[in-house]
Amino acid sequence: MALNIYNTLTRQKEEFKPIHEGIVGMYVCGPTVYSDSHVGHGKSYVSFDTIVRYLRHIGYRVLYIQNITDVGHLLDDGEDRMLKQSKIEKIHPLQIAENITRSYFEDMDKLGVVRPDISPRASGHITEQIEIVKRLLAKGFAYEVNGSVYFDVRKFNKYGILSGRTLDDAVEGTRVETRSEKRHPADFALWKKAESGHIMHWPSPWSEGFPGWHIECSAMSMKYLGETFDIHGGGMDNQFPHHECEIAQSEAATGKPFVKYWIHNNLVTVNGKKMSKSLGNFVTLKDVFARYNPLVVRFFILQSHYRSTLDFSDEALQGAKAGYEKLMTTVRNIREELKKAETEKRAGGISLDLSLYRKRFSDAMDDDFNAPLAMGVIFELSREINQALNSEQELSLDFLKLTDACFGELGGKILGIIPEQLPVRAEGENIESQLIDIHIKVRQQAKKEKAWWAADLIRNELEAAGIRLEDKKDGTNWHRINRPE
RNA sequence: GGCGCCGUACCCAAGUGGUAAGGGAGAGGUCUGCAAAACCUUUAUGCAGCGGUUCGAAUCCGCUCGGCGCCUCCA
Numbered sequence: 382m383a384l385n386i387y388n389t390l391t392r393q394k395e396e397f398k399p400i401h402e403g404i405v406g407m408y409v410c411g412p413t414v415y416s417d418s419h420v421g422h423g424k425s426y427v428s429f430d431t432i433v434r435y436l437r438h439i440g441y442r443v444l445y446i447q448n449i450t451d452v453g454h455l456l457d458d459g460e461d462r463m464l465k466q467s468k469i470e471k472i473h474p475l476q477i478a479e480n481i482t483r484s485y486f487e488d489m490d491k492l493g494v495v496r497p498d499i500s501p502r503a504s505g506h507i508t509e510q511i512e513i514v515k516r517l518l519a520k521g522f523a524y525e526v527n528g529s530v531y532f533d534v535r536k537f538n539k540y541g542i543l544s545g546r547t548l549d550d551a552v553e554g555t556r557v558e559t560r561s562e563k564r565h566p567a568d569f570a571l572w573k574k575a576e577s578g579h580i581m582h583w584p585s586p587w588s589e590g591f592p593g594w595h596i597e598c599s600a601m602s603m604k605y606l607g608e609t610f611d612i613h614g615g616g617m618d619n620q621f622p623h624h625e626c627e628i629a630q631s632e633a634a635t636g637k638p639f640v641k642y643w644i645h646n647n648l649v650t651v652n653g654k655k656m657s658k659s660l661g662n663f664v665t666l667k668d669v670f671a672r673y674n675p676l677v678v679r680f681f682i683l684q685s686h687y688r689s690t691l692d693f694s695d696e697a698l699q700g701a702k703a704g705y706e707k708l709m710t711t712v713r714n715i716r717e718e719l720k721k722a723e724t725e726k727r728a729g730g731i732s733l734d735l736s737l738y739r740k741r742f743s744d745a746m747d748d749d750f751n752a753p754l755a756m757g758v759i760f761e762l763s764r765e766i767n768q769a770l771n772s773e774q775e776l777s778l779d780f781l782k783l784t785d786a787c788f789g790e791l792g793g794k795i796l797g798i799i800p801e802q803l804p805v806r807a808e809g810e811n812i813e814s815q816l817i818d819i820h821i822k823v824r825q826q827a828k829k830e831k832a833w834w835a836a837d838l839i840r841n842e843l844e845a846a847g848i849r850l851e852d853k854k855d856g857t858n859w860h861r862i863n864r865p866e
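Counted the way our numbering counts, the first sequence spans residues 382 to 866.
Here's what the structure looks like:
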C-alpha cells in the first residue's frame, strides 16, 4: 500500500508523491517562545515527529524545518507577545526567547522528538521577510499606509482556498474593530511600523518596524525548502488565518504553488475544552513530566489519531501508563531472555511470522499515519511473544534477535516509544547490582528454608527503594521501576 | 450569525458499506509459598436518537438532541 495523506487543501486523502523523487521538504509551524510548552505542543510535535520518522523509515530523505517565533505575534491591543512578557519579567525579549527555546527543546527531547534539521528564528530572517514584502508591493498585491504594509486580499482571488472561507465571511466574522488603515477588513499586516517604546524593531524601506506574524513562515519555509515544497504542517487552529495568509502572500509573490500537502493536527482538550495559552487552562509538559514518564505521555498522544482531539485527563493518562508498562515488560523480557540465549546453546522450536505484523503496521501508518491502529498491531505482537516466552519451549537466539529488532524498529525507531536502553538491571560490575544480587541470594536461601517473612521483607524493601523483583521459573529477575511513572 | 468537526462498552480509542481492533479498569481461571508479571476466558446483537437508501450501515442521506473548534493570539 502506498502512503496516503489527508490533505487539508483538498479535504481528502491523497496518495503522497513528493515533488522530487525520494526527497521530502517539510515545514511545521513551531512555537512562539514566550512561555513553557504545554501538552498541546506535545501532541503537535510528537505527531509531526512521528510523521517525519515514518517518512524516513520508508526511505525518503526528509529536510524538516521548524521555526522558532520570537517576534511578530500581535495581541489584540497591538502589542507583541514577546514584548509583553519581557515587560512582565523586566528582561530583554530575546532573553525570554532564548530561555524558552531551551526549555522547549528540553521538553521535546524528553518526549523523544527528533530535533528539526533547521530551527530558524523569525528575528534572524528579517531581511528575507522584507524581500517578500518588496516583491508583493512591486506586483501590486500589497499597499503601504503610514509606514505599515498590508496584503490586499481582494487582489488574490484564491484567498480562502484552504479554510473554505469567502471574503464576505471574513467581513461578517470580523469582530475586532477594523483598523482604519486597511482597505479591507481581511487585509493583514506584512510590516508594522513600530510605536515608540517598542524594543524590537528593524529598519525597512517603509519604517522602523517589525514583520507581521504570517510573513515569517513564508520567508523561512521558502528560503530553506524552495518556493514550492511538499508538506506544511501545523495546528488546526492555525489553518485560518495564519496558513491562509501564508498561501496568499507566498503564491502572490512567486506566482507558483506554495505547498502540495497541508497537514493539520487536532488540539488537546482538558475536560472537553480546548487547552490554550489564552484560556489559561493549560498544563505544561514540565508539570506532567513530574508525574509521568515522558514516554508515557508520548504513548498517550500516539494512542489517538493526530486529526482527532485528545482529551487530557488523569484517568486516561493512568490507563496509558499501565498500557505502556505492559509493553515495556514484554520488551524487557525479550532482552533478558536474549542475554541468556547468547551464552546458551538452544534449539528453539517456535517461529513467528513477523512480516505479517510489519505489513499490518505499515498499512496502518500508510493510511494517513494511523498510529493508534499501528500500536494495536504492536500489542497483538506483544501478546504473541509473551505466549512464546511463557511456553515450555526454549526460544532460539535468532527468534529473540528478530523480535527485539522488530520492536526496536516499529515501536522504537518509528513510534519513538521504546527506548534503546530500558531501565533494566545495571550493566557491568557496579556495586549496586552486586548488592542486589546478594539480596537475591539471601532471599533464595530464605525461600528454601520457607522463611517467607524474610523473603517478603527483602522484596518489599527493595520495591520501596525502586527495585522490583520478579520470581521466574529459572530464578529471580530485577529491574528498576521508572520514576516518575 | 457564517464555516467545520465530533458523539463507538465503566474510561481511552481504531474502524467510514460486509457484519464491532487495541489499551486501561472489572470478573473468573492457569502459574506461584505468596506476590508481581504473563497467558486464557469474560465484559457493546450493538456504535447519541429517529427516519430513509441498500441484499447488507457504526459507516451513505435527512432530521433531532448533545459536545467542540475556527471566524481574534494560540500547536
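Built from N, CA and C at the ideal position, the CB exists for glycine as well.
Are the Cβ atoms of Val669 and Val678 separated by less than 7 Å? Yes, Cβ-Cβ distance for Val669 and Val678 is below 7 Å.
So what does Ser529 bridge to, in DSSP terms? Ser529 is bridged by DSSP to Val526.
### Query
Relative to the C-alpha of Asn652, which residue among Lys641, Leu691 and Leu666 is closest?
Ranked by Cα distance from Asn652, the first of Lys641, Leu691 and Leu666 is Leu691.
Task: Pick from Val414, Gly590, Ala567 and Ser585 that is closest to Gly578, judged by C-alpha positions - done: Closest option to Gly578, Cα to Cα, is Gly590.
Check your understanding: With burial defined as no fewer than 16 other Cβ atoms inside 10 Å of the residue's Cβ, what is the status of Met656: buried or exposed?
Key -> Met656 comes out buried.
By how many angstroms is the C-alpha of Val414 removed from the C-alpha of Gly521? Distance between the alpha carbons of Gly521 and Val414: 33 Å.
Review point. What's the gap between the Cα of Ser416 and the Cα of Leu543?
Key: Answer to the nearest angstrom: the Cα atoms are 29 Å apart.
- Query: How about Ser763 and Leu708: are their beta carbons less than 7 Å apart?
  - Reply: Taking 7 Å as the cut-off, the Cβ atoms of Ser763 and Leu708 count as close.
message: For the structure I just gave you, are there three or more beta carbon pairs, one from the segment 733-744 and one from the segment 769-784, closer than 8 Å?
response: Yes: at least three Cβ pairs fall under 8 Å.
Item to check | Straight-line gap, Ala503 to Arg546 (C-alpha atoms, nearest Å) | outcome: Each residue's Cα considered, the two are about 28 Å apart.
Q. Where Met489 and Lys831 are concerned, what is the direct C-alpha to C-alpha distance, given to the nearest angstrom?
A. Met489 and Lys831: Cα-Cα distance of roughly 50 Å.
Glu396 vs Asn385 beta-carbon contact at 7 Å
Cβ atoms of Glu396 and Asn385: closer than 7 Å.
**Asked** Within this structure, are the beta carbons of Gly411 and Gln466 separated by less than 7 Å?
**Response** Cβ distance not < 7 Å, so Gly411 and Gln466 don't count as in contact.
Which partner residues of Phe750 appear in the DSSP bridge assignment?
Its beta-bridge partners do not exist; DSSP assigns none.
query = For Ile839, which residues of its own chain have a beta-carbon under 6 Å away from its beta-carbon, when the five flanking residues on both sides are left out?
reply = Once the five neighbours on either side are set aside, the close Cβ partners of Ile839 are His820 and Arg824.
- Of the residues Val530, Asp779, Phe681 and Leu791, which one's Cα is nearest the Cα of Ala575? Of the candidates Val530, Asp779, Phe681 and Leu791, the one whose C-alpha sits nearest the C-alpha of Ala575 is Val530.
Label Met601 either buried or exposed according to how many other C-beta atoms from any shown protein chain fall within 10 Å of its C-beta, with 16 as the threshold for buried.
-> So Met601 ends up on the buried side.
Can the beta-carbon of Asp744 be found closer than 7 Å to that of Lys394? Their beta carbons are not under 7 Å apart, which means Asp744 does not touch Lys394 by this criterion.
For Phe610, the nearest candidate out of Ile795, Val640 and His624 (CA to CA): Ranking the options by Cα distance to Phe610, first place goes to Val640.
Cβ pair count under 8 Å reaching 3, the segment 793-802 against the segment 418-434: Touching, per the Cβ criterion.
Next on the checklist: Taking the alpha helix (DSSP H) that His860 belongs to, which residues open and close that run?
Outcome noted: Careful: His860 lies outside any alpha helix (DSSP H), inside the beta strand (DSSP E) at Gly856 to Arg861.
### Message
Residues in the same chain with beta-carbon distance under 7 Å from Phe569, minus the five sequence neighbours each way, listed in chain order, please.
### Response
Non-local beta-carbon contacts of Phe569 in its own chain, meaning distances under 7 Å to residues more than five positions away in sequence, involve Tyr531, Phe532, Gly593, His595, Pro622 and Cys626 in chain order.
Q) Using DSSP with H/G/I as helix, E/B as strand and the rest coil, what is Asn448? A) In the structure shown, Asn448 sits in coil (DSSP, three-state: anything other than H, G, I, E or B).
* **Between the CA atoms of Arg716 and Asn647 - distance to the nearest angstrom** => Roughly 36 Å between the two C-alpha positions.
- Query: Going by alpha carbons, who is nearest to Thr391 out of Ile812, His645 and Glu706?
  - Reply: Checking every option, the nearest Cα to that of Thr391 belongs to His645.
Item to check | Exposure of Gly874, with buried meaning 16 or more beta-carbon neighbours within 10 Å | outcome: The requested residue 874 does not occur in the structure, where the chain is confined to residues 382 to 866.
Margin query: Does Leu676 come out as helix, strand or coil in the three-state DSSP assignment?
Written below: In the displayed model, Leu676 falls within a helix according to three-state DSSP.
TODO: Could you check which residue in Lys740, Thr650, Pro586 and Ala478 has the C-alpha nearest to that of Asn527?
DONE: Comparing Cα positions, the closest option is Pro586.
Would Val534 pass as a contact of His565 if the rule is Cβ separation under 7 Å?
In this structure, His565 lies closer than 7 Å to Val534 by Cβ.
Distance check for Arg741 and Ala383, CA to CA, integer angstroms please. Looking at the backbone, the Cα of Ala383 and that of Arg741 are separated by about 13 Å.
Going by C-alpha distance, which of Tyr435, Leu791 and Cys598 is nearest Ile507? Closest by alpha carbon: Cys598.
Under a Cβ-count criterion, where at least 16 other Cβ atoms within 10 Å of its own Cβ denotes burial, should Ala836 be classed as buried or exposed?
The residue in question, Ala836, is buried, as its Cβ has 16 or more Cβ neighbours within 10 Å.
Residues near Asn388 by beta carbon distance below 7 Å, same chain, minus five either side = Same-chain partners within the cutoff: Glu395, Tyr642 and Trp643.
Identify whether Ala755 lies in helix, strand or coil by the three-state DSSP scheme. Assigned with DSSP and collapsed to three states, Ala755 falls in helix.
Q.
Using 7 Å as the threshold, is the C-beta distance between Asn767 and Thr711 below it?
A. Asn767 is a Cβ neighbour of Thr711, given a cutoff of 7 Å.
**Message:** So, for Leu660: in the same chain, excluding its five sequence neighbours on each side, which residues have a beta-carbon less than 8 Å away from its beta-carbon?
**Reply:** These residues qualify, in order along the chain: Lys654.
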